[in-house]
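**Q** Mind looking over this structure? Questions follow.
In my numbering, the protein residues as written are 510 to 825.
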């Protein structure tokens, strides 16, 4: 016969676990909202920067401008910037981005190119370090809601590697936010900058809302600000090439910040989904244990009644 006390203890443990996972789900949901607000807050700067770059592009022929960040050179070594998380309990978020980075590294090796990792996040750092992979720099302990200062530190490291000639190309592997239940690891070339990639394009933002007590994501298409060319008679106080040289690092910073924001939103959404599934599983397990407890308790009561009846018949 099952031990009733052991079943009661397990039911209590499952219920306590469900309280924890539910609290973690709500915390992740609140942080997803904060990540969304940050994306919206940084958008005006990104739009204005894209407009200025477009205006300079229309006044200058990029292919005739000798700037280090635009210079294409023969590639022998590639730096792979991998953005992962510092924490677990977020489903397959870290596993997926690490696997995508490994696949890209194998593709580069198959082409006869060397590669080095620049790691963001403790999980990817631990994974690649255990496998003795070449790691050039590591960034851990970042805020869950990324900020421009952290993006600037990462950009400075990448610029140092690229401008010093230690690497000839910088690629970014991060997780693009699709929805609360879907995210997609992608690869993007950061350096050298591609002039064709500086055009402003329509974008999407997500809004986390509630309906019937459940969380849902509404995606909203945001039209980019119309790019306006500078007047042909505009006189620059500084050489336009110098202005462009100063703005391109800002553009790189913005690209990295956006990738950090997308990755943070993907991680938090994955954690929220994982904790929601854990809460549902705990609820089902508690139901099953309650049923088992009730059956065992009924069996114990029936057994006691039978013993009393048998004893009464024996005395009679």
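We put the beta carbon where it would ideally sit given N, CA and C, even for glycine.
Small disclaimer: the values here were computed from a predicted structure and weren't measured.
Under 8 Å by Cβ, that's how I've got residue 640 and residue 696 pegged, so tell me the actual separation to the nearest angstrom.
**A** Incorrect: roughly 20 Å between the Cβ atoms, too far for contact.
**Q** Can you tell me where the alpha helix (DSSP H) holding residue 512 begins and where it ends?
**A** Unbroken run through residue 512: none, as it is neither H nor E.
**Q** Residue 519 and residue 784: beta carbons closer than 7 Å?
**A** No, these two residues do not count as a Cβ contact at 7 Å.
**Q** What residue ranges within the segment 638-705 form continuous beta strand (DSSP E) runs of no fewer than 3 residues, ordered along the chain?
**A** 644-648, 678-688 and 691-700
**Q** What do you get for residue 807, buried or exposed, if any count of 16 or more other CB atoms within 10 angstroms of its CB means buried?
**A** exposed
**Q** If we count the other Cβ atoms within 10 Å of its Cβ and call it buried at 16 or more, is residue 634 buried or exposed?
**A** buried
**Q** At which residues does the beta strand (DSSP E) containing residue 627 begin and terminate?
**A** 623-629
**Q** Three or more C-beta pairs closer than 8 Å, one from the segment 676-686 and one from the segment 771-782: is that the case here?
**A** yes
**Q** Look at the alpha carbon of residue 798 and the alpha carbon of residue 516, and state the distance between them as a whole number of angstroms.
**A** 7 Å
**Q** Checking 7 Å against the spacing of the C-beta atoms, do residue 694 and residue 606 come in under that value?
**A** Contact flag set, yes.
**Q** Which residue's Cα is closest to the Cα of residue 698: 554, 675 and 765?
**A** 765
**Q** What are the boundary residues of the alpha helix (DSSP H) that includes residue 617?
**A** 602-619
**Q** Within this structure, are the beta carbons of residue 645 and residue 651 separated by less than 7 Å?
**A** no
**Q** Which same chain residues end up closer than 8 Å to residue 555 when comparing Cβ atoms and leaving out the 5 residues on each side of it in sequence?
**A** If we look at residue 555 and ignore the five residues flanking it on each side, its Cβ neighbours are 763 and 767.
**Q** What residue range is occupied by the uninterrupted beta strand (DSSP E) comprising residue 591?
**A** According to the DSSP assignment, residue 591 belongs to the beta strand (DSSP E) that extends over 586-592.
**Q** Short check: CB of residue 523 to CB of residue 588, under 7 Å?
**A** no
**Q** Answer yes if the segment 616-624 comes into contact with the segment 597-606, meaning at least three C-beta pairs across the two stretches below 8 Å, and no otherwise.
**A** no
**Q** Applying the criterion that 16 or more other CB atoms from any shown protein chain within 10 Å of the CB defines a buried residue, is residue 771 buried or exposed?
**A** Flag for residue 771 reads buried.
**Q** Could you give the distance in angstroms between the alpha-carbon of residue 703 and the alpha-carbon of residue 789?
**A** 47 Å
**Q** Could you have a look at residue 767 and say whether DSSP puts it in helix, strand or coil?
**A** helix
**Q** What does the Cβ neighbour count give for residue 603, buried or exposed, with the cut at 16 atoms within 10 Å?
**A** buried
**Q** Tell me which residues share the same chain as residue 580 and place their Cβ nearer than 8 Å to its Cβ, disregarding the 5 neighbours each side in the sequence.
**A** 701
**Q** Looking at C-alpha atoms only, which residue of 801, 795 and 561 is the closest neighbour of residue 754?
**A** 561
**Q** Residue 814 to residue 804, Cα distance in whole Å?
**A** 15 Å
**Q** Measure the Cβ-Cβ separation of residue 757 and residue 622 and say whether it is below 7 Å.
**A** no
**Q** Taking the CB atoms as reference points, tell me whether residue 626 and residue 591 lie closer together than 7 Å.
**A** yes
**Q** Note down the Cα distance separating residue 760 from residue 521, rounded to an integer number of angstroms.
**A** 53 Å
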